[in-house]
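Q:
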Amino acid sequence: MHTPEFEHDPGNVADQAAKLGVHYPVAIDDDYRTWSAYGNHYWPAAYLVDATGQVRSASFGEGGYTGFEQQIRAALTDSGARSLPPATDVPDTTPGASLTPEIYLGAEHTPLATSGARVAVGQTRAYTFPAGLDPDTFALDGTWTSDNEYLTAGPDARLRLDFHASSVHLVLGGTGTVTVDGTRTITVTGPPTPYTLLDGHSGHGRLTISATPGVQAYDFTFG
């Protein structure tokens, strides 16, 4: 089941499923009916429904895969399965250290995670970096246009991020480029897609990101 955070285009889901080698059916929950019926608040969320249609357990967020698989195997056995394939043996690489939480850049969320001037909802305006940056926040410089789900870069658009993580990813859409700390340039094209800005870092850090006009920035995730 896929409930989209941002762009609601089933074609994009089909493309990504093919790239990831997902060959089983994927249901699209565009109108959030299933999401709401379960009272869900998380990406990802896993619900274990047994052969009688009862929800036996739920798991929210990353990690805990071995335990959830054991519950699936128990449910299959209870339903009469006589032979199961061996349990998977895949290391759980979910980070265990304290991480900066996901930071959404759309106007619905930004007041909680900005330093300096607040994002002007639904407007195009010029920003200036503040003198300082609070932990786990971002600040804007140059011209940006806000939308409920993303920020669109204008002339001289820059974004500065304070974080605590080993890897930093940013969901980007539109067409153009972003440059990380003036040294690494990433080409952006197509629907919203996660791009890795930094990997192999240790602990606290800051990034300054420059974007060409038209690039859309949705949210940061950390690992």
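The sequence shown finishes on residue 247 if you use this note's numbering, and the numbering steps up by one all the way, no holes.
For glycine and all other residues, C-beta sits at the position ideal for the given N, C-alpha and C.
The model shown is predicted, which means the values in this text are computed figures rather than measured ones.
(1) Whole angstroms is fine: what's the gap from L72's alpha carbon to A105's?
(2) Evaluate contact between the segment 43-57 and the segment 225-245, counting only Cβ atoms and requiring at least three cross-stretch pairs below 8 Å.
(3) By the 10 Å Cβ neighbour count, where 16 or more other Cβ atoms means buried, how is A131 classified, buried or exposed?
(4) Tell me the DSSP secondary structure of R106 in three-state form.
(5) In the segment 58-89, which residue ranges form an unbroken beta strand (DSSP E) of at least 3 residues, counting only runs that do not cross its ends?
(6) Would you please state the rounded distance, in angstroms, between the beta carbons of S190 and H225? I believe it to be under 8 Å.
(7) How would you write the range of the beta strand (DSSP E) that L44 sits in, first residue to last?
(8) Quick one: is Q240 buried, meaning 16 or more other Cβ sit within 10 Å of its Cβ, or exposed?
(9) Given this structure, state the Cα-to-Cα distance separating R97 from V79, to the nearest angstrom.
(10) So for R97, helix, strand or coil by DSSP?
A: Per the coordinate set shown:
(1) 16 Å
(2) no
(3) buried
(4) coil
(5) 69-73 and 79-84
(6) 5 Å
(7) It is not in any beta strand (DSSP E) - L44 instead sits in the alpha helix (DSSP H) that spans P34 to L44.
(8) buried
(9) Answer to the nearest angstrom: the Cα atoms are 15 Å apart.
(10) Under the three-state reduction of DSSP output, R97 falls in the helix class.
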